[in-house]
C-alpha cells in the first residue's frame, strides 16, 4: 500500500520509526522541540517521544554537534539538526576534523554512528548566508557519507539507512522540497546509500544530478521530449558513496552528459562527476564534451529575479542539453 | 569552593592530616609509578626525536605529570577520559600500556592506534580513553556527548572527564561545552591543566584575568584551583570533584596550576622564556616533592621508591625494544577502517 506524504513528513516518519525501533536514537538541535524546527520537520515528535529524546539545544553548534559525536562514540545513535546547512561552517571542526577521523585515527576502536540533518539550498529568498549548497565541502573529506534526497520516497528510505549506518552521515535536505508530495509505501523499507536512481530513462543525453535539480531536470526532459530529444535523468542520491557504475553506464548509452547541481559550479561536486566520467571508459563513447551546469560564482542575492538568475533553471537545462546535441 | 589561585608551592605535606589508609597508600604507590612512567616515557621520546628516529612531532609535558596521575587516580575505571595533545601522562594514568604507546610513536602496526594516529592521537576507547585530539576545544564538546550518553543510560557512577590547557580555555568550543554541560546538569569534570603558556604565549598576554577558575562561574558551575605540582593536592581535589560531579549536581571545573619544563614541541627553541624560569620550575618538580613527602612521612623508603622508579625505567626500555622490533603497518593495512 502506498500513501502520499510530503518530503518533510517522510523525514519525520523515518526519524519516528527509527526512534521506536531503536532506543539509542535521539534527536537534538536548535528549536526542534515545541517549534518543530525552522521548517516544521519534527512536528509531533516532542509529544511522541518527550523532551529526553527530542532535545532543544543552545545556539551552540560546536557543542551539540560535538556532543552528538561523543554520544555516538559510546554507542548512541544521535540525529543532530543544523537549522541551516550554512551553519555547518560554525562547527566545521566537529564535522570534518572529528566525526570522520575518529575511527581511523584511533585504530578502528571507535565508531561514530551520527546523522547530521540540515536544510540546504536556495530558492527561498533567504539571501547569502542561508541559501548555500555546501555538499562538495563535506564530500571532500574521507570519512563522511553525504546524502541528498530528491523525493519523499528517497528521503525516508535513505534517512532510515543513514540512522542505521555505523558511520557519520551528512543528510542534506532541500528546503524548497519540504512541502512537495510523493508516494511512499506504508510498510517498512530502506534504500541503500551509494545506489543511484534513474528517475527517467532516455537515449539521447544523460543528465546527472541530485536534490532539487532532479525535478527541474525531469521538467526539462519533458520539454525536450516535445522536440524529440529523449533525456535520461540520473539521480545520484548520495555523493558519498557515489554510484560510479550507474553514471558510467548511462553516459555510455546516451553518449552525451550534462551534470546539473544547485551548488556553485566552480569547485562544485559536478567537477568530481565530470572527472570520473573523463577517467572512465565512458570517455570513448562521448560525442560531445562533458558539460556542467551549476550556480554562478556569486553570493546568493536577496532579490528574487537575481536569485533565480544565479541558479540553474529548467530553461538553462534545456538550452545546455540542446547545445550538446 | 573557591576560585582563588593558589600559589605554586609544592609542599605536599600540608594537606594530609588524617591517618593514611592502606588504600590511599596503594594509590600513592600507583601515582608514584605513573609519574615515573610518564617522565621516563617522555624523556625517551625526546631522546628518540633528537636522534631522528621518529618522524612527525610530539608534545611533551615534562613537569606536568602530577596533574594526570593525581586526577586520574581519583577516577573510576569506567569513567570516560578525554586527554590533550600533550597527553602521554594522561594515557599512562588511564592505563594504556607504554609498549603500545611507544609503538604508536614509532609508527608501528602494534601501536595503540595501529600506527595511524601517532603521538597526537594516542587513544584507547576499549579502556574508555578517548585520547588526544589535535584540534583544541573539540574534546570538551565530545566529552559533553559521552556524559549525555551516560545520562540517557542512567549510568549513575560514571563521569566524563576532559583535560584541556589554559590556551584551550580561550576556545569558543570550551565555553559552549561548559554551558551545555551546565544547563543539562551533565556529569562532566573539566580539568584545566594550566601551564601558563599556550605554546609560546604567556596567559597574561591573552587573558584579561588569568584566574581560569572564574570562567566556570557564569555557567553556574563550581570550580577549584589546586597546585598541579602537588600530586596529593590534585588527587584529593579530584576525589571531591568526582564526588560532586557523580552526585548529579552537574559539571565542575578543576584548575591545576603547573609548568611545562619541556618545550612545546620539537620546534621549540624556548625563545619566549628564560633559562632561570625553567630552572626554577625544575626545583618545583612534582616527582621530587612527592618523594620528599613519601620519605619524610615514612610511607615508603628511598630504596622502595628507587626500585619502583627503576622498574618504570626498565618498562620504558622494554617498550622501546618492543616498538623497534614491531613491523610497520603495510599498505594492505592502509584502507582498514576507511568506510567512505
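Residue numbers (my numbering), protein chains in the order written: chain A, 12 to 336; chain B, 437 to 776.
Positions of the beta carbon are idealized from the N, C-alpha and C atoms, including for glycine.
- Item | Chain-ordered neighbours of residue 109 of chain A on chain B, where CB pairs are closer than 7 Å | Residues of chain B whose Cβ lies closer than 7 Å to the Cβ of residue 109 of chain A are, in chain order, 574, 578.
- Can you list the residues of chain B that residue 53 of chain A reaches, using a CB-CB cut of under 8 Å? Chain B residues near residue 53 of chain A: none, gap ~18 Å exceeds 8 Å.
- Message: Check whether the segment 43–57 of chain A and the segment 205–224 of chain A touch, using three or more Cβ-Cβ pairs below 8 Å as the test.
- Response: no
- With distances taken between CB atoms, is the gap from residue 577 of chain B to residue 77 of chain A smaller than 8 Å? yes
- Helix, strand or coil at residue 185 of chain A according to DSSP, with G and I counted as helix: strand
- Is the number of C-beta pairs between the segment 577–589 of chain B and the segment 622–633 of chain B that are closer than 8 Å three or more? yes
- Short Cβ contact (8 Å threshold) for residue 224 of chain A with residue 272 of chain A: yes
- CB contact below 8 Å: residue 67 of chain A versus chain B: no
- Query: Secondary structure at residue 92 of chain A, three-state DSSP: helix, strand or coil?
  - Reply: The answer is strand: DSSP assigns residue 92 of chain A an E or B state.
- Determine the closest residue to residue 17 of chain A out of A:236, A:125, A:152, A:164, with distance taken between C-alpha atoms. Residue 17 of chain A has its Cα closest to that of A:164, out of A:236, A:125, A:152, A:164.
- Query: Who are residue 208 of chain A's beta bridge partners in DSSP?
  - Reply: A:246
- Item | Between the CA atoms of residue 126 of chain A and residue 699 of chain B - distance to the nearest angstrom | 40 Å
- Item | For residue 568 of chain B, three-class secondary structure by DSSP | coil
- Task: Note down the Cα distance separating residue 766 of chain B from residue 65 of chain A, rounded to an integer number of angstroms.
- Result: One Cα belongs to residue 766 of chain B, the other to residue 65 of chain A, and the distance between them is close to 45 Å.
- Query: Is the shortest distance between the beta-carbon of residue 80 of chain A and the beta-carbons of chain B less than 8 Å?
  - Reply: yes
- By the 10 Å Cβ neighbour count, where 16 or more other Cβ atoms means buried, how is residue 768 of chain B classified, buried or exposed? exposed
- Message: Could you tell me the alpha carbon to alpha carbon distance between residue 746 of chain B and residue 588 of chain B, rounded to whole angstroms?
- Response: 45 Å
- With 16 as the cutoff for other CB atoms within 10 Å, does residue 440 of chain B come out buried or exposed? Low confidence applies to residue 440 of chain B: its pLDDT is 39, below 50, so where it sits in the model is not reliable, and the reading given next is rough at best. It counts as exposed.
- Range of the contiguous beta strand (DSSP E) that encloses residue 128 of chain A: 126–131
- Item | Rounded separation between residue 328 of chain A and residue 242 of chain A - CA only | 11 Å
- Query: Grouping DSSP H, G and I as helix and E and B as strand, with all else coil, what is residue 439 of chain B?
  - Reply: In this predicted model, residue 439 of chain B has a pLDDT of only 39, less than 50, meaning its place in the structure is not dependable; the value taken from the coordinates is given anyway. Reduced to three states, the DSSP call for residue 439 of chain B is coil.
- Message: When you compare the segment 602–618 of chain B with the segment 634–645 of chain B, are there three or more beta-carbon pairs, one atom per stretch, that lie closer than 8 Å?
- Response: yes
- Along chain B, in chain order, which residues have C-beta atoms closer than 8 Å to that of residue 153 of chain A? 774, 776
- Collapsed DSSP secondary structure at residue 516 of chain B in the structure displayed: Assignment of residue 516 of chain B by DSSP, reduced to helix, strand and coil, places it in the strand class.
- Task: Give the residues from the segment 247–260 of chain A that approach chain B closer than 9 Å (Cβ to any Cβ), ordered along the chain.
- Result: Here the close residues are 251, 252.
- For residue 483 of chain B, is the classification buried or exposed, using 16 other Cβ atoms within 10 angstroms of its Cβ as the cut-off for buried? exposed
- Please compile the residues from chain A whose C-beta is within a distance smaller than 9 Å of the C-beta of residue 731 of chain B. None at all; the shortest Cβ gap to chain A is about 40 Å.
- Item | Cutoff 8 Å; reference residue 559 of chain B; Cβ partners in own chain excluding five residues on either side | 519, 527, 548, 549, 553, 565, 566, 567, 568
- Item | C-alpha distance - residue 275 of chain A paired with residue 173 of chain A, whole-angstrom precision | 26 Å
- Can you give, in chain order, each stretch of the alpha helix (DSSP H) that sits fully within the segment 718–771 of chain B and has at least 4 residues? Residue ranges of uninterrupted alpha helix (DSSP H) with 4 or more members, entirely inside the segment 718–771 of chain B and ordered along the chain, are 722–732, 738–761, 767–770.
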